[in-house]
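Note that our numbering gives residue 257 to position 212 of the sequence shown, counting from 1, and the numbers run on in steps of one. From the three backbone atoms N, C-alpha and C, an ideal C-beta is built for every residue, glycine too. No experiment lies behind these values; they were computed from the predicted model shown. Right, one structure below, let's go through it.
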Amino acid sequence: MVRRIDVTGADGVRLAAWEFADPPEAGPEARGPGDGSAVLLLHGLMGRASHWDATARWLAARHRAVAFDQRGHGQSEKPPEGPFTREAYVADAEAVIEQLELAPVTLIGHSMGALTAWQLAAARPDLVRALVICDMRASALGAASQREWGDWFRAWPVPFASLADVRKWFGEEDPWAERPTPARGEFFAEVMAERPDGWRPVFSRRQMMTSRETWVHDAHWEELAQVQCPTLVVRGLDGELGRAEAHEMVRVLPRGEYAEVLDAGHFVHYDQPEAWRAAIEPFLEGVLTG
46 MVRRIDVTGA DGVRLAAWEF ADPPEAGPEA RGPGDGSAVL LLHGLMGRAS HWDATARWLA
106 ARHRAVAFDQ RGHGQSEKPP EGPFTREAYV ADAEAVIEQL ELAPVTLIGH SMGALTAWQL
166 AAARPDLVRA LVICDMRASA LGAASQREWG DWFRAWPVPF ASLADVRKWF GEEDPWAERP
226 TPARGEFFAE VMAERPDGWR PVFSRRQMMT SRETWVHDAH WEELAQVQCP TLVVRGLDGE
286 LGRAEAHEMV RVLPRGEYAE VLDAGHFVHY DQPEAWRAAI EPFLEGVLTG
């Protein structure tokens, strides 16, 4: 069972959230607000809450699982002029936690969502019980990276004639992809909507570039070192976070642990859902039980 909830984020932005839950007859595993069993899932840039569907449904068997579309994404509000700052994204996640009474919550974040998660954990340790960082770098990516993203967005052959064309281009033909994979095509098919002229992304590429601009030029090691809760750093073997940097992140974290998923690219939880679950399950068992 999935329940849609509207939350008010920073600056009054409307955020669409979903709570995943088994029916009440599921038994004694059902938990209530504030008991430390809640998990909040944060998607990455261009993502949406539905990308966490398999993970959230698995978690919901024992824990309160919530995911939301971040500002500018999915079904949440897309204010024409933003703001799309780091502060706004972190404040939105804080608002979701407080309005839905999730604290102390375990945060699971992918890519940009992982950065939001650890920045929130550093600023509000009272709200966060544990943290999973999935394929997000702490080092600065720099201006060249931002230019490459601009080139990539301009190369998209939009509008797409069909979802099959979306899956084919992102899964097989995209020259910027780290490797061809059907899962990548499915990932992008979920963020397309049909328009009169064909299929286009549900987000503004201009807004995505603005969002990315606020964090690619800076390193985020200092905030990472301020995270006091247990933290698992997960990387896909063929993803964007290298092994050496991942291990350095674990070293910097006061209570860091490491896991990697074989045969996975940047979209780890989408590429290899069973291996992703196996990688995070022991950590979650340790922090969410007892």
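Under the three-state DSSP convention, the category residue i falls into
i           : result
residue 310 : coil
residue 296 : helix
residue 155 : strand
residue 73  : Note that residue 73 has pLDDT 38, beneath the 50 cutoff, so the model's placement of it is unreliable and the number below is only indicative. DSSP places residue 73 in coil when its eight states are reduced to three.
residue 116 : coil
residue 47  : strand
residue 111 : strand
residue 246 : strand
residue 327 : helix
residue 177 : strand
residue 63  : strand
residue 150 : strand
residue 102 : helix
residue 257 : helix
Alpha-carbon to alpha-carbon, residue j and residue i
i           : j           : result
residue 118 : residue 334 : 32 Å
residue 115 : residue 320 : 26 Å
residue 129 : residue 260 : 11 Å
residue 329 : residue 151 : 9 Å
residue 229 : residue 256 : 21 Å
residue 201 : residue 245 : 10 Å
residue 318 : residue 206 : 29 Å
Spatially closest choice to residue i from the options, by CA coordinates
i           : options               : result
residue 63  : 329, 186, 121 and 236 : 121
residue 90  : 178, 248 and 297      : 248
residue 287 : 51, 182 and 170       : 182
residue 60  : 265, 134 and 269      : 134
residue 193 : 174, 211, 175 and 222 : 222
residue 265 : 164, 289 and 219      : 164
residue 143 : 53, 82 and 125        : 53
residue 139 : 127, 226, 162 and 252 : 162
is_contact[residue i, chain C] using C-beta, thresh 8 Å
i          : result
residue 56 : No chain C appears in the structure shown, which is made up of a single protein chain.
Expected contact under 8 Å - CB spacing of residue i and residue j to nearest Å
i           : j           : result
residue 65  : residue 102 : 6 Å
residue 216 : residue 155 : About 18 Å separates the two Cβ atoms, so there is no contact after all.
residue 50  : residue 145 : 7 Å
Terminal residues of the beta strand (DSSP E) in which residue i lies
i           : result
residue 269 : Per DSSP, residue 269 belongs to no beta strand (DSSP E); it is in the alpha helix (DSSP H), 266-270.
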